Amino acid sequence: MADHADIDLLHSFRVPATREAAFTDLIKKYQERLYWHIRRLVVSHEDANDLLQNVLIRVWNALEKFREESQLYTWLYRIATNECLSFLEQQKKKATLALSGDENGMERQLKADTHFDANQLEWKLQLAIQQLPEKQRLVFSLRYFDEMPYEEMSKVLDTSEGALKASYHHAAKKIERFLLDH
Amino acid sequence: MPEQQHIKEELAALAPGLAVPAPAMPFAVPPGYFEQLPAAVLERIRVEQDEIPEVLRSLKEKNASQPGWPFQVPTGYFEQQEQHRTPQQTATTTQTKTPVVSLHKRPFVKWVAAAAILLLTIAGGRWYQQRQHSDIETDPDSWVRKEIEGESIDKIESYVEANLIESVALNTEDKKEIALLTKDISQEEILYLLSETAPLSTSGNEATGKQKILN
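Residue numbers (this note's numbering), protein chains in the order written: chain A, 426 to 607; chain B, 575 to 789.
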């Protein structure tokens, strides 16, 4: 069930006169959480910005039909995650066509960042996350950074809680090993 | 918070080397990015929905009650047009109207249709009869089968025997020619040749032979 503030926001959105104001409030409320969720997955700000705008346009088009049975932020995360996964899939196809090297595309992008300092713990952590398979990266990011309960994550990713716990376990172990080895 | 505590404990058990809470993000965003994002998104939505600018939209709404906007006609123009139509104009319009008469109201149509059907039936029957007769030329085998269908074997045999004899009856000139051609061939050889080339061998089952003819 959506919380009261979100329900008010949804009601305002359904009134044409207050629609844009309500949507502006919605963006202000969720933009940073969604942005960082996307950015952690795609790394580059330009890609994250494009994807976030696409997500918000999708939200605008579908918000009127949103049923208040579930949390609004769960629904937003689900749209954002699907958008990111489609984007990453496209990137993977492009990389397969364009590159013959074995270096991870995300890792390369991370190293190309002007602020990148491989010795900083934060960067090492990001580097470690980029080594993970897509699903584990997604689960680790939602749990570790967004502190999302497994129950909510299950709705976002359409995966059982048991499978999510196993993914998180493997991801955490791999990252820890990476940090100790580098 | 209980969820944060739970995550902390879970991670401590799984991977004690990982810091909790999560370290600060090393990524940066351009200055003022989050402040400008709502306006940028709304602008994109307007563009994607192909919305007209505010000034044009308000003008359209203001003049929505005038169908010919931005053009106008003199006051009462359409009412005057209606009044100017004379009784003669109205009558002409009525007279030039194309009359529509139902087919059901034309009895001769029924007779024409009945005659056409009768004609078609007769022509079809004649054509079928002609086709039956011409079968003997185009497909004699089928024609024969059809003709003897239902006739008894004895009747067919007697007919074949009578007609065969009749057909092989030779005139005097033919007999002379045959005698000339066979003068150097012995009687035994001719008999042997005839027995070898008999058209309907009776060596097998008689019934089988009959069946061969009928089928």
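All C-beta atoms, glycine included, are put in the ideal place defined by N, C-alpha and C. As the structure is a computational prediction, the values presented were derived from the model and not from experiment.
request  = Using a Cβ-Cβ cut-off of less than 8 Å, give me the residues of the region 593 to 612 of chain B that come near chain A, in sequence order.
outcome  = 593, 596, 597, 598, 599, 600, 601, 602, 603, 604, 607, 608, 611 and 612
ask   = Along chain A, in chain order, which residues have C-beta atoms closer than 7 Å to that of residue 579 of chain B?
value = Those do not exist, as residue 579 of chain B stays about 10 Å from chain A at its closest Cβ, beyond 7 Å.
query = Which of the three DSSP states, helix, strand or coil, is assigned to residue 526 of chain A?
reply = Summary for residue 526 of chain A: the model assigns pLDDT 48, below 50, so the residue's position carries little reliability; its value from the coordinates is reported in the next sentence. In the structure shown, residue 526 of chain A sits in coil (DSSP, three-state: anything other than H, G, I, E or B).
Whole-angstrom distance between residue 608 of chain B and residue 502 of chain A, CA atom to CA atom = 18 Å
CB-CB length for residue 611 of chain B against residue 597 of chain A, believed under 8 Å = At roughly 32 Å, the Cβ-Cβ gap does not stay under 8 Å, so residue 611 of chain B and residue 597 of chain A are not in contact.
inquiry  = Which of the three DSSP states is assigned to residue 576 of chain B in this structure?
reply    = helix
ask   = Tell me which same chain residues have a C-beta within less than 7 Å of the C-beta of residue 451 of chain A, skipping the five on either side of it?
value = 434
query = Starting from residue 587 of chain A and walking both ways along the alpha helix (DSSP H), at which residues does that stretch end?
reply = 586 to 606
Limits of the unbroken alpha helix (DSSP H) element including residue 758 of chain B = Careful: residue 758 of chain B lies outside any alpha helix (DSSP H) and carries neither H nor E.
Backbone secondary structure at residue 734 of chain B - three-state DSSP = helix
message = Does the CB of residue 570 of chain A have a neighbour CB from chain B at under 7 Å?
response = yes
Partner residues on chain A for residue 622 of chain B, Cβ-Cβ distance less than 8 Å = 482
query = Which stretch, first to last residue, makes up the alpha helix (DSSP H) that contains residue 485 of chain A?
reply = 470 to 487
query = By Cβ distance below 6 Å, which residues in the same chain neighbour residue 568 of chain A in space, the five residues on each side in sequence not counted?
reply = 593
ask   = Under a three-way DSSP split, which group does residue 699 of chain B fall into?
value = helix
message = Can you look up residue 654 of chain B in the DSSP assignment and give me helix, strand or coil?
response = helix
message = Counting only C-beta atoms, is residue 594 of chain A closer than 7 Å to chain B at any point?
response = yes
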